[in-house]
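Numbering (mature numbering (1 follows the signal peptide of the UniProt record, and there is no 0)), first residue to last: -22 to -1, 1 to 506.
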């Protein structure tokens, strides 16, 4: 680096240092940090009152994690547009605290010990557009608390202890677009006068009933959350007039029935997780052509109408996990050409139709883990994209000839099975507990049903059921008896042939255990 460049850099650094020192010495209080002449952040647990020497030019003041217990008048900060009190032990706000802050546009008082807010504290804040009062202890709001905040667009009261709200509380908030009342103790809420509202969060309250008038005036509503309440019934027509609604969150309620035409046609995201749905009518979602995300997980569904999803042509994500589904119609997913994810884990599915996923050529993830599947029918995976990821663990896979198709498919696409190392054989007994990755195709054999129903036994005076494990397999047309012994004794084979006339012919052979094998991996061939 040339000398004059070094000198120039040193001069710039010196000028910057002098500028920072100048700010610190002339306008930045001890307990604060001034990142510019207009932004100040104060954070000191020992700070019990707001500093008095904050510059009048400051437009943003943030008081974070201090020892402040009372917010008093900020008389000389008339240029403030943003004021934040976050995680302070504030218990009281002076009635004139914000009286002179006529330029304020954003105010947050969150994480305090405030129990109530009195009328008049926001009286001169007619330019305020954002008011955040989250995670306090507020139980009471004065009826006319917000009457001067006609320009307010966002109001958040999340995480307080509100049990009721006066009907006049929101009356003057004619420009409000976002209202968050989640995590309170409210049983009823009247938002009917908020006709510009676009986002409404009433989640995690104690709402049990919704009247047809609840959202009557909220025609601009786009996002509505009612999760974590006690709602058991949804009257027809309660949402149907909300033509702009795109997201509806009803998870973690007690909803038992969904009536036909309940949801507005513009809906894109619908969450019904953790409810009490037992049955669904075939027309429950019939008009939702724009729906892209549907969550029906953790309900009580044991079956699905074949036509349930037939009109959901835009659906991309379908979650049916954690239900009681035992079987699926081969046409239940017909027409879902845009689907990317189907989650069927933790159900009671015992088998799947071979053409179940015929229309899912774009699917990127299929989750079948935690069911009762013993095999996958031949051809079921052929229509899927070769990069589609599968999850199959937690099923009682029966590793016989019915699994040959899947075994051969794995030869080419094993990398797409995300949990392949956790896929184990449950039957037949000689393969039980083995990872499917270690099983050879030659071991995937079936035996005749009439033969397999009669398991061979070993009748030895020194043997017990715990000493032996036997099963039948077919190898190249021969019936093979596989026995795992824990003791070394002579082997006796009894074969019972059932004649057509009903008589039984018994054939017995005995063979001593080879002395050189030391009872380890010995093989004895008895030809009948």
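Quick reminder that beta carbons are idealized off the backbone N, C-alpha and C, glycines included.
Residue i to residue j span [Cα, whole Å]
| i | j | result |
| --- | --- | --- |
| residue 258 | residue 297 | 15 Å |
| residue 116 | residue 29 | 26 Å |
| residue 421 | residue 218 | 58 Å |
| residue 100 | residue 19 | 23 Å |
| residue 122 | residue 147 | 6 Å |
| residue 253 | residue 187 | 15 Å |
| residue 414 | residue 192 | 55 Å |
| residue 315 | residue 96 | 56 Å |
| residue 275 | residue 304 | 15 Å |
| residue 308 | residue 287 | 12 Å |
| residue 374 | residue 327 | 11 Å |
| residue 236 | residue 213 | 9 Å |
| residue 206 | residue 151 | 26 Å |
| residue 190 | residue 73 | 39 Å |
| residue 120 | residue 108 | 19 Å |
| residue 63 | residue 171 | 30 Å |
| residue 400 | residue 364 | 21 Å |
| residue 389 | residue 406 | 22 Å |
| residue 343 | residue 266 | 23 Å |
| residue 310 | residue 85 | 51 Å |
| residue 242 | residue 321 | 25 Å |
| residue 54 | residue 132 | 26 Å |
| residue 41 | residue 278 | 49 Å |
| residue 281 | residue 351 | 16 Å |
| residue 302 | residue 50 | 59 Å |
| residue 110 | residue 256 | 40 Å |
| residue 233 | residue 408 | 47 Å |
| residue 27 | residue 204 | 40 Å |
| residue 225 | residue 336 | 29 Å |
Cβ neighbours of residue i in the same chain (closer than 6 Å, five flanking residues each side left out)
| i | result |
| --- | --- |
| residue 112 | 88, 134, 136, 137 |
| residue 38 | 17, 60 |
| residue 396 | 367, 369 |
| residue 323 | 299, 345, 347, 348 |
| residue 114 | 90, 92, 138 |
| residue 43 | 21, 65 |
| residue 319 | 295, 343 |
| residue 383 | 356 |
| residue 338 | 317 |
| residue 230 | 205, 206, 252 |
Three-state secondary structure (DSSP) of residue i
| i | result |
| --- | --- |
| residue 414 | helix |
| residue 383 | helix |
| residue 528 | Nothing can be reported for residue 528, as the shown portion of the chain is limited to -22 through 506. |
| residue 388 | helix |
| residue 420 | helix |
| residue 435 | For residue 435, the predicted structure reports a pLDDT of 39, less than 50, and the residue's modelled location is therefore unreliable. A value from the coordinates is still provided. Residue state, collapsed to three classes: coil. |
| residue 266 | coil |
| residue 407 | helix |
| residue 108 | strand |
| residue 441 | Since pLDDT at residue 441 reaches only 40, below the 50 mark, its modelled position is unreliable, and the value read off the structure follows with that caveat. Residue state, collapsed to three classes: coil. |
| residue 347 | coil |
| residue -16 | Summary for residue -16: the model assigns pLDDT 34, below 50, so the residue's position carries little reliability; its value from the coordinates is reported in the next sentence. In the structure shown, residue -16 sits in a helix (DSSP, three-state: H, G or I). |
| residue 446 | For residue 446, the predicted structure reports a pLDDT of 48, less than 50, and the residue's modelled location is therefore unreliable. A value from the coordinates is still provided. Three-state DSSP puts residue 446 in a strand. |
Residues of its chain near residue i, where Cβ-Cβ distance is below 8 Å and the 5 sequence neighbours each way are ignored
| i | result |
| --- | --- |
| residue 104 | 80, 126, 127, 128, 129 |
| residue 82 | 58, 59, 60, 61, 76, 103, 105, 106 |
| residue 164 | 140, 141, 142, 143, 180, 183, 184, 185 |
| residue 269 | 245, 246, 247, 248, 263, 290, 292, 293 |
Close-in-space but distant-in-sequence residues of the same chain around residue i (CB under 7 Å, 5 per side omitted)
| i | result |
| --- | --- |
| residue 175 | 154, 155, 157, 169, 196, 198, 199 |
| residue 24 | 45 |
| residue 10 | 18, 19, 20, 29 |
| residue 372 | 347, 348 |
| residue 404 | 374, 375, 376, 410 |
field: Given 8 Å, three or more beta-carbon pairs between the segment 354 to 364 and the segment 328 to 335
entry: Yes: at least three Cβ pairs fall under 8 Å.
- prompt: Which runs of the beta strand (DSSP E) fall wholly inside the segment 15 to 103 and span at least 3 residues, in chain order?
  reply: Unbroken beta strand (DSSP E) runs of no fewer than 3 residues, entirely contained in the segment 15 to 103, are found at 17 to 20, 38 to 42, 60 to 64, 84 to 88, following chain order.
task: Kindly provide the ranges of any alpha helix (DSSP H) runs that are 4 or more residues long and lie completely inside the segment 350 to 381, ordered along the chain.
output: The segment 350 to 381 contains no whole alpha helix (DSSP H) run of 4 or more residues.
- request: For the segment 194 to 251, list the beta strand (DSSP E) runs that are entirely contained and at least 3 residues long, ordered along the chain.
  value: Segments of the beta strand (DSSP E) lying fully in the segment 194 to 251: 201 to 203, 225 to 227, 247 to 249.
field: Length-filtered (3 minimum) beta strand (DSSP E) runs lying within the segment 269 to 331
entry: You should have 271 to 273, 295 to 297, 319 to 321.
message: Restricting to runs no shorter than 3 residues, where is the beta strand (DSSP E) found entirely within the segment 120 to 158?
response: For the beta strand (DSSP E) assignment, the uninterrupted runs of no fewer than 3 residues enclosed by the segment 120 to 158 are, from N- to C-terminal side, 132 to 134, 156 to 158.
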